[in-house]
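All remarks here apply to the structure that follows.
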Amino acid sequence: MADLSVNIAGLHLKNPVMTASGTFGYGTEYADFVDLSRLGGIIVKGTTIRDRQGNPYPRLAETPSGMLNAVGLQNKGVDYFIEHIYPAIRDIDTNIIVNVSGSEVADYVATAERLADLERIPAIELNISCPNVKQGGMAFGTSCASAAKVVEAVRKAYRKTLIVKLSPNVTDIAEIARAVEGAGADAVSLINTLLGMAINARTRRPVLSTVTGGLSGPAVKPVALRMVWQVARAVRVPVVGLGGIMTATDAVEFLLAGATAVQIGTANFIDPTVTLKVIDGIEAYLQENGFASVRDVVGALEV
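Numbering of the sequence shown is given in this note's numbering, commencing with residue 1 and proceeding in unit increments.
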């Protein structure tokens, strides 16, 4: 059997397949469909310092080859997570990673500090790229200075593995990646959703209450692949690739482009078992092509 294990800055993954934040709940919601212990990691839904109600409805819209969301980081806050969610997921035999967001730098730091003492949370994913909130969110990830500022502040407060999630809604994502690497990021994940919108021609009104939202699904995959390839060549830290991964072949393409691991997001809504199919498919690809380890595929794109 091929070796599927990978390492992200000291974080050991039994295989390179993780779930993307906001698409897999806290993992327990999918336990009837998926053997959670087979996953490389579960990135739980976005967590903030205080509870958030999210954006008004409607906040989801189907689009050609994708979907728009404007959920707005709805969650009950980090203290609720620690008291009520963490006890229910701490014994899942995989890496539980918390996606952390905020409206101000201090919010990110405070949330990270609260999570740092949780023994079974080995890493956080710092979300500086959410397009669905009016304050903070994507604004932190669209300039090198602001991205570096929040990462540097969190790095001082959080010593475990720090993954920074990058926004694709920028001119040069490689430049942003280098900035957060310099500020102390252990790894980067990309891409978050692309900013888009949908219009109801009959009512002549936007479909989403927020007018714009985040586009995900197969439609964004070519953009995501290109950005992963660019970033993997620009930084030395590991890259986690996501954006439109629906099949094992999609995942392999991200690995070839330079991603050490991948996240599956929108596909979970279509097929709750897709993560296991992708894991099995990657293993089959390695065997069929004579690779002893998945690590031999990472960055193996011939250009």
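By construction, the Cβ of each residue, glycine as well, lies at the ideal position given by its N, Cα and C atoms.
Given the structure is predicted, the values throughout are model-derived calculations rather than measurements.
- Distance from residue 67 to residue 41 at the Cβ level is roughly 23 Å; contact not present, criterion being Cβ atoms closer than 8 Å.
- Residue 264 carries a strand assignment under DSSP once its states are collapsed to helix, strand and coil.
- In this structure, the CA atom of residue 25 is about 15 Å from the CA atom of residue 54.
- Proximity of the segment 182–189 to the segment 150–166 meets the contact definition, three or more beta-carbon pairs being nearer than 8 Å.
- Check the Cα spacing between residue 192 and each of 46, 3, 31, 37: the tightest is with 46.
- In the DSSP assignment, residue 172 forms no beta bridge with any residue.
- Of the other Cβ atoms in all chains shown, fewer than 16 fall within 10 Å of the Cβ of residue 211; this residue is therefore exposed.
- In this structure, DSSP gives residue 64 a state outside helix and strand, which the three-state scheme calls coil.
- Distances from the CA of residue 195 to each of 213, 203, 48, 270 were compared; the closest alpha carbon is that of 213.
- In the structure shown, residue 213 adopts extended strand secondary structure according to DSSP, grouped into three states.
- One thing to note: residue 260 has its Cβ no nearer than 9 Å to the Cβ of residue 231.
- Among the bridge pairs identified by DSSP, residue 109 is matched with none.
- Annotation for residue 89: 26, 27, 28, 96 place their beta carbon closer than 7 Å to its own, counting only its chain and skipping 5 residues before and after.
- By the C-beta density criterion, residue 246 is buried, having at least 16 other C-beta atoms within 10 angstroms.
- In its chain, beyond the 5 residues on either side, 246, 274 have a beta carbon closer than 6 Å to the beta carbon of residue 267.
- A residue is called buried when at least 16 other Cβ atoms come within 10 angstroms of its Cβ; residue 98 meets this threshold and is buried.
- For the pair residue 73 and residue 60, the Cα-to-Cα distance works out to about 13 Å.
- Taken in chain order, the unbroken stretches of alpha helix (DSSP H) that lie wholly in the segment 241–294 and span 4 residues or more are 248–257, 267–270, 274–288.
- Closest in alpha carbon position to residue 109, among 119, 126, 94, is 126.
- Only buried fits residue 52, as 16 or more other CB atoms lie within 10 angstroms of its CB.
- The C-beta distance from residue 20 to residue 263 rounds to 4 Å, short enough to meet the 8 Å contact threshold.
- In its chain, beyond the 5 residues on either side, 66, 68, 193, 194, 196 have a beta carbon closer than 6 Å to the beta carbon of residue 215.
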